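Here's the structure we're looking at; comments come further down.
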Amino acid sequence: MNVSGKTQLPAAERLKISEIFYSLQGEAASTGKPTVFVRLTGCPLRCTYCDTEYAFFGGEWMGFDAIIERVRQHGVDRVCVTGGEPLAQKNCIGFLRLLCDSGFDVSLETAGAHDISAVDSRVVRVVDVKTPGSGEHHRNRVENFADIGDRDLLKFVICDRGDYEWSRQQVVDRQLDRICEVLFSPSFGQQDPAALAEWILEDRLPVRLQLQLHKQLWGEEKGR
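In terms of this note's numbering, the sequence shown opens at residue 1 and continues consecutively.
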């Protein structure tokens, strides 16, 4: 019996949510497109450049239906599930499937330390490859490369020249550009974007330079 009088959600049909907001997609293949972001609470990684530390803790438990209702209120079909680390919550897999079944165009931003093989094939997966400068490169789950499809993206956040050289070697040795599109993104406020662009040009590296559009427009304002 529920003595509180509140309906208890099945544990498998809820997620802890840090925030749900509407903005322009600032990264990856959908850059510049209106998108609803569902940010999940929690992350086991502690990257040096993390810009969403507020999502490590707190948040609100919400049922799948309530989350989708909030998403629908914004009136767009594009949804990005992010964090934190979304896959740290095991129910994320089922939620991604439900979003797809509900007709949304879904992407997932993940740090690459969790198994992505169970993620619905309709979801575009943007998978980080952590560099030495992140302090978490030992957490990369290289087995994920075998599950990456040509609609997915691999993203390297570059903190300095050493990170660039390490990342370049990963791309060349593993032929990552033959798997999917590869993004090199300068760590905001740390790596000069123009210098990174010159290195890519000099090496004729088959990657795309990515700048974070939302930070160019709104800085580090939360909910953007």
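Even glycine gets a Cβ: it sits at the ideal position worked out from N, Cα and C. Quantities reported herein were computed from a predicted structural model and do not represent experimental measurements.
Can you look up residue i in the DSSP assignment and give me helix, strand or coil?
i: leucine 211; result: coil
i: asparagine 2; result: Reliability of the predicted coordinates at asparagine 2 is poor, the pLDDT of 48 falling under 50, and no value is obtained from them.
i: valine 142; result: helix
i: serine 134; result: helix
i: tyrosine 164; result: helix
i: arginine 14; result: strand
i: proline 186; result: strand
i: glutamate 109; result: strand
i: arginine 174; result: helix
i: leucine 217; result: helix
i: proline 44; result: coil
i: glutamate 53; result: helix
i: isoleucine 148; result: coil
i: glutamate 202; result: helix
As a quick exercise: from the options, pick the residue whose alpha carbon is nearest that of residue i.
i: serine 187; options: Cys180, Glu181 and Leu196; result: Leu196
i: glutamate 165; options: Ala12, Ala11, Glu85 and Pro132; result: Pro132
i: alanine 146; options: Val124, Phe56, Gln73 and Arg174; result: Arg174
i: aspartate 105; options: Glu13, Glu202, Val124 and Tyr54; result: Val124
i: glutamate 85; options: Leu99, Ile67 and Phe57; result: Phe57
i: tryptophan 61; options: Arg72, Ile17 and Ala55; result: Ile17
i: tyrosine 22; options: Gln73, Ser167 and Glu109; result: Gln73
i: glycine 94; options: Gly59, Asp152 and Ala12; result: Ala12
i: isoleucine 20; options: Ile67, Gly26, Tyr54 and Arg14; result: Ile67
i: alanine 29; options: Cys180, Glu202, Leu217 and Glu220; result: Cys180
i: serine 107; options: Ala194, Ile116 and Val79; result: Val79
i: asparagine 144; options: Ala194, Gln190, Gln170 and Ile116; result: Ile116
i: arginine 70; options: Thr35, Ile148, His137 and Gln191; result: Thr35
i: glycine 26; options: Asp192, Ser185 and Arg204; result: Ser185
i: leucine 99; options: Arg139, Asp65 and His114; result: Asp65
i: histidine 137; options: Asp152, Asp163 and Arg178; result: Asp163
For my contact list, residue i and residue j are in at a C-beta cut-off of 8 Å; report their separation, rounded to the angstrom.
i: leucine 154; j: valine 182; result: 5 Å
i: threonine 31; j: leucine 213; result: 5 Å
i: alanine 88; j: glycine 135; result: Not really, about 18 Å apart at Cβ, beyond 8 Å.
i: valine 76; j: valine 38; result: Wrong, their Cβ atoms sit about 13 Å apart, outside the cutoff.
i: lysine 90; j: alanine 111; result: No, lysine 90 and alanine 111 are not in contact; Cβ-Cβ is about 16 Å, not under 8 Å.
i: valine 207; j: valine 171; result: 6 Å
i: isoleucine 148; j: valine 126; result: In fact, because the Cβ distance is near 11 Å, the residues do not count as touching under 8 Å.
Minimum length 4: unbroken alpha helix (DSSP H) runs contained in the stretch 61-99 | Entirely contained in the stretch 61-99, the alpha helix (DSSP H) runs reaching 4 residues are, in chain order, 64-72.
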